[in-house]
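Going by our numbering, the sequence shown opens with residue 9, and the numbers climb by one from there.
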Amino acid sequence: MSKTYFISDLHLSEERPDISAAFFTFLKQHIDCATDALYILGDFFEVWVGDDYQTPLTQQVASELNKLAQQGTAIYFVHGNRDFLLGKNYAATAGIQLLPEQSLIDLYGEKAVILHGDEMCTQDVEYQKFRKKSRGWWWPKLMLTLPLWYRQSVAKKARAKSKLSQQGKTQQILDVTDEAVLAMFEQFKVNLMIHGHTHRPNIHQYSTAQNTCKRIVLGDWYDQGSYLLVTAEEKKLVFTPFEEKA
Numbered sequence: 009m010s011k012t013y014f015i016s017d018l019h020l021s022e023e024r025p026d027i028s029a030a031f032f033t034f035l036k037q038h039i040d041c042a043t044d045a046l047y048i049l050g051d052f053f054e055v056w057v058g059d060d061y062q063t064p065l066t067q068q069v070a071s072e073l074n075k076l077a078q079q080g081t082a083i084y085f086v087h088g089n090r091d092f093l094l095g096k097n098y099a100a101t102a103g104i105q106l107l108p109e110q111s112l113i114d115l116y117g118e119k120a121v122i123l124h125g126d127e128m129c130t131q132d133v134e135y136q137k138f139r140k141k142s143r144g145w146w147w148p149k150l151m152l153t154l155p156l157w158y159r160q161s162v163a164k165k166a167r168a169k170s171k172l173s174q175q176g177k178t179q180q181i182l183d184v185t186d187e188a189v190l191a192m193f194e195q196f197k198v199n200l201m202i203h204g205h206t207h208r209p210n211i212h213q214y215s216t217a218q219n220t221c222k223r224i225v226l227g228d229w230y231d232q233g234s235y236l237l238v239t240a241e242e243k244k245l246v247f248t249p250f251e252e253k254a
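This is the structure:
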């Protein structure tokens, strides 16, 4: 049976080998000849300061994904707020295809819009100002001209500032708004949306004057594996526990 997988918010890093191990296990157990596509909807890595920064982990990830791409699985990547600087060089090495921030896809005859989701957290005004700047044409280009050590320092300070900022914000501020969600449905003229970012996995229903819409939120990988399985017959959020250490 043909199938498609969606994942997001793994936040892969050298500091969390348990997440990396769970991801490689997921690839081995689920991505096979029946898999049409794997969609990675952002925050795949904990931080990405440019394709010139490589570690054993990023190289292993690229190698494993490229093997699957060579075997016929299409692998798509939507940038998140942590890895929006991931570029064409790494994508080529990993055999992944970069998609726009919001993309319209066909899922076994049903149209869907996919995105990371941070643009719909419109109540977080402070973050949206940074997002607008960081996704502009000049800021990423400027950052990538700076020395690698400096970019790493900027990323570290930005993450510390973000953590401090989030401590003073409610879950309501950090979550998507209904207005932004409904506007996204209207913009793309679809009844299905899939995104990550909020770390609040669920399937939400919306009733409009015309249709019933469904928003599927992917889970993070901090404490367990999490993915969405889609076939022509079903859409199912699945959670898998990390393997216990011996």
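Cβ atoms here follow ideal geometry from the backbone N, Cα and C, with glycine treated the same way.
Bear in mind the structure is a predicted one, so any value in this text is a computation, not a measurement.
In the DSSP annotation of this structure, the continuous segment of the alpha helix (DSSP H) that includes Ser173 starts and ends at Leu156 to Gln175. Below 8 angstroms, too few C-beta pairs join the region 23-41 and the region 124-139 to call them touching: fewer than three. Assignment of beta-bridge partners to Asp114 by DSSP yields Lys119. For the alpha helix (DSSP H) assignment, the uninterrupted runs of no fewer than 4 residues enclosed by the region 51-130 are, from N- to C-terminal side, 64-78 and 96-102.
Annotation: Ser21 is outside any alpha helix (DSSP H) and is labelled neither H nor E by DSSP. The C-beta separation of Ile27 from Leu35 comes to about 13 angstroms, leaving the pair out of contact by the 8 angstroms criterion. The Cβ atoms of Gln174 and Gln131 lie no closer than 8 angstroms to each other. Contact between Thr81 and Leu46 holds, since their C-beta atoms are separated by about 6 angstroms, short of 8 angstroms.
Using a 10 angstroms sphere on the CB of Lys243, the tally of other CB atoms reaches 16 or more, which defines it as buried.
DSSP places Lys36 in no beta strand (DSSP E) but in the uninterrupted alpha helix (DSSP H) bounded by Pro25 to His38. The bridge partners DSSP lists for Ala240 come to none.
Between the C-alpha atoms of Tyr116 and Thr101 there is a straight-line separation of about 29 angstroms. Taking the CA atoms as reference points, Asn89 sits about 6 angstroms from Asp51. Where Met201 is concerned, there is no enclosing alpha helix (DSSP H), although the beta strand (DSSP E) around it starts and stops at Leu200 to His203.
Linking Ser111 to Leu123 through their CA atoms gives a straight-line distance of about 7 angstroms.
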